[in-house]
Amino acid sequence: MLKRILGATLMAASLGTASIAADAKPTDPQIAHIAYTAGQIDVTAAEQALKKSKNAEVIAFAKTMERDHKAVNDQALALVKKLKVTPEDNPVSQSLSTQAAKELTTLEALDGAAFDKAYVENEVAYHKSVNDALANILIPSAGNKELKSLLETGLTLFKEHQMHAEHLASNDLAPTFYPVLSSLQRFLVAVFGAVAAGCGAEPFRLRSTASRRGLMV
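Those letters in the sequence shown? Residues -21 to -1, 1 to 196, by mature numbering (1 follows the signal peptide of the UniProt record, and there is no 0).
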């Protein structure tokens, strides 16, 4: 099932398309694993920011991301233990982790304001992509009511994260024009766009800070 998602993801990443079989709806164990992986990716990104940034606003934001995503992931682990469900590793989770590791390497090479800007831009795009995936794919696909409820609670919190990141991106931390989306941002659009296509959901597009200022990228 998710092998089809991965195949479509790789095609989407290279050709800019996202099309998979209509029966590629993820299962609850797969949804739990994807959601946990997405949260852990942001925890790791926050930990990197806390080590590298000297900007008080960025540090405060990163601390919030680390705390909140860890808390949601802890709740997710408690839930799957209660339900006696084992989260199922899958190509989507694996691909997200691989690409996130590459992005961490890219950000590690940056320092000072350049790092802060890139980190904040990534957080805006990342939360936009994950929130769209939660709302349009993972929550509708979840069969267990408690899992669905936890995802809905997470979405409410992550929307606040997105607004916080957008606020940071709108001040002096953000470049006047940021035309190139990171590889992780484009990969997330490809991944969740492929899953959306397989579930029959409306595909979504990622807009950078620049596009919100009237410059589509």
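Every residue, glycine too, gets a C-beta built ideally from N, C-alpha and C.
Bear in mind the structure is a predicted one, so any value in this text is a computation, not a measurement.
Could you tell me the distance, in whole angstroms, from the CA atom of residue i to the CA atom of residue j?
i	j	result
PHE183	ILE38	Interpretation of PHE183 is limited by its pLDDT of 44, a score under 50 that renders its predicted location unreliable; the figure taken from the coordinates is listed afterwards. Roughly 30 Å between the two C-alpha positions.
VAL64	THR6	11 Å
PHE142	LYS60	One detail in the question is off: residue 142 reads as Met in this sequence, not Phe. Looking at the two C-alpha atoms, the distance is approximately 32 Å.
LYS127	ILE116	11 Å
ASP2	ALA11	Summary for ASP2: the model assigns pLDDT 45, below 50, so the residue's position carries little reliability; its value from the coordinates is reported in the next sentence. Roughly 19 Å between the two C-alpha positions.
THR85	SER108	20 Å
LEU29	GLN54	24 Å
GLY133	HIS106	11 Å
GLU139	LEU113	14 Å
LYS42	ALA25	7 Å
LYS4	SER120	7 Å
LEU136	ASN110	10 Å
ALA35	ALA17	25 Å
GLU87	ASN52	25 Å
ILE118	GLU131	7 Å
LEU89	LYS31	9 Å
HIS81	ASN123	Correcting the residue type first, residue 81 is Lys in the shown sequence and not His. Rounded to the nearest angstrom, the two C-alpha atoms are 33 Å apart.
GLN73	PRO66	13 Å
LEU56	THR23	18 Å
Take residue i as the anchor and find which of the options has the nearest alpha-carbon.
i	options	result
LEU62	GLU36, GLU125, LEU130, LYS31	GLU125
ASP68	LEU129, ALA14, HIS140, ASN123	ALA14
PRO8	GLU100, ALA114, VAL71	VAL71
LYS33	ILE118, THR132, ALA92, GLY133	ALA92
GLN19	GLU36, ALA35, MET44	MET44
GLN27	ASP95, ASP111, ALA104, SER120	ASP95
ASP21	PHE40, PRO66, GLU131	PHE40
THR104	ALA144, ASN52, ASP90	In the sequence under discussion, the amino acid at residue 104 is Ala, which differs from the Thr named in the question. The shortest Cα separation from ALA104 among ALA144, ASN52, ASP90 belongs to ALA144.
Looking at residue j and residue i, is the spacing between their C-beta atoms short of 7 Å?
i	j	result
LEU58	LEU129	yes
Between the segment 75 to 93 and the segment 41 to 49, do three or more beta carbon pairs fall short of 8 Å?
no
The segment 99 to 113 touching the segment 132 to 150, judged by at least three CB pairs closer than 8 Å:
yes
What are the complete alpha helix (DSSP H) segments, minimum 4 residues, inside the segment 50 to 102?
70 to 87
Run through the segment 110 to 148 for me and flag every whole beta strand (DSSP E) of 3 or more residues, listed as ranges in chain order.
none
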